[in-house]
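Below is one structure, written out as structure tokens; the observations come after it.
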Amino acid sequence: MPTHSRHFVRASSAGALLVVSLSACSPIVDVDAAPDAANPACAEVMIALPDQVAGNELRETNSQGTAAWGDPSQVVLRCGIEVPGPTTDACASVNDVDWIIQESTETDIWTARTYGRNPAVEVLFDPNQVASSTVLVDLGGAASRVEQTEQCLSLNDTVELPEEG
């Protein structure tokens with residue numbers, strides 16, 4: 001009888017619980033599907049996903065609109081999350097894809113969500129294990145399959161600052 005082991009990765013983002021099941025037969029990553037995972041635009045994202053992200057191989061997941069890379073999982077993607085509204089969270093534009101970046105105060109897991117795209121894509125990763133810039137570059141092509149209708153702006157773009165002098 002094969003030996004099975006289970007590793008649990010918890011992410012505080014949107015109540016997502018990622019359970020990574022490892023076994024000798026079929027390493028399938030258990031990822032909760034996002035509420036709008038059946039959106040046809042998510043299918044476009046999923047077929048454009050790379051085989052590797054930050055040097056980690058794509059693995060099979062058990063939910064629609066999800067993907068994971070690495071063993072154990074280093075990067076997890078969910079398409080169809082709630083579209084983020086205006087925020088004061090950090091925003092980064094990487095290869096014409098705007099991402100809202102949130103660092104968890106409880107874990108080392110970071111969450112990056114596309115901004116200005118419906119459906120939105122969420123990526124969870126540990127920046128101590130994979131470089132955030134590499135993850136966002138590797139996944140930007142797939143995320144860009146969803147049309148961008150709004151841009152993420154910094155505070156300097158939206159507020160007129162008094163001139164010095």
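Using this note's numbering, the letters of the sequence shown map in sequence onto residues 1 to 165.
We treat Cβ as the ideally placed atom computed from N, Cα and C, and that holds for glycine.
What you are looking at is a predicted structure, and each value in this text was computed from that prediction instead of being measured.
Starting from residue i, follow the beta strand (DSSP E) in both directions and report where the run begins and ends.
{"i": "Leu-136", "result": "Per DSSP, Leu-136 belongs to no beta strand (DSSP E); it is in the alpha helix (DSSP H), 132 to 143."}
{"i": "Asp-89", "result": "First-last for Asp-89: undefined, no H or E at that position."}
{"i": "Glu-103", "result": "97 to 103"}
{"i": "Ala-112", "result": "110 to 114"}
{"i": "Glu-57", "result": "56 to 61"}
{"i": "Val-76", "result": "75 to 81"}
{"i": "Asp-36", "result": "Premise fails: Asp-36 is in no beta strand (DSSP E) and is neither H nor E."}
Return helix, strand or coil for residue i, following the three-state DSSP convention.
{"i": "Ile-47", "result": "helix"}
{"i": "Cys-152", "result": "coil"}
{"i": "Val-68", "result": "First, the amino acid is wrong: residue 68 is Ala here, not Val. Note: Ala-68 maps to strand in three-state DSSP."}
{"i": "Ala-41", "result": "helix"}
{"i": "Gln-129", "result": "coil"}
{"i": "Glu-122", "result": "strand"}
{"i": "Glu-147", "result": "coil"}
{"i": "Asp-32", "result": "coil"}
{"i": "Ala-24", "result": "A caution first: Ala-24 carries a pLDDT of 37, below 50, which makes its placement in the model unreliable, though a value can still be read off. Three-state result, Ala-24: coil."}
Output needed for residue i: all residues of its chain with C-beta closer than 7 Å, excluding positions within five of it in sequence on either side, in chain order.
{"i": "Thr-87", "result": "Ile-100"}
{"i": "Gln-151", "result": "Asp-98, Gly-116"}
{"i": "Pro-84", "result": "Ile-100, Arg-113, Tyr-115, Ala-120"}
{"i": "Asp-96", "result": "Ser-144"}
Can you name, in chain order, every residue of its own chain whose Cβ lies under 6 Å from the Cβ of residue i, other than the five neighbours on each side?
{"i": "Arg-117", "result": "Val-146, Gln-148"}
{"i": "Pro-127", "result": "Trp-110"}
{"i": "Glu-122", "result": "Arg-78, Ile-81, Arg-113"}
{"i": "Trp-69", "result": "Val-53, Asn-56, Leu-58, Val-75"}
{"i": "Asp-36", "result": "Gly-80, Pro-119"}
Looking only at its chain, what residues have a beta carbon closer than 8 Å to the beta carbon of residue i, apart from the 5 residues adjacent to it on each side?
{"i": "Ser-26", "result": "Note that Ser-26 scores 42 on pLDDT, short of 50, meaning its location in the model is unreliable and no value can be drawn from it."}
{"i": "Met-46", "result": "Gly-65, Ala-67, Cys-79, Ala-142"}
{"i": "Val-94", "result": "Ser-133, Leu-136, Val-137, Gly-140"}
{"i": "Pro-50", "result": "Leu-58, Asp-138, Leu-139, Gly-141, Ala-142"}
Pull up the CB-CB distance for residue i and residue j, whole angstroms please, since I reckon it's below 8 Å.
{"i": "Ala-33", "j": "Pro-119", "result": "With 8 Å as the limit, Ala-33 and Pro-119 do not qualify as a contact, their Cβ atoms being about 12 Å apart."}
With a threshold of 7 Å, establish whether the CB of residue i neighbours any heavy atom of the ligand ADP.
{"i": "Ile-100", "result": "Questions concerning the ligand ADP fall outside what the structure shown contains, since it holds no ligand whatsoever."}
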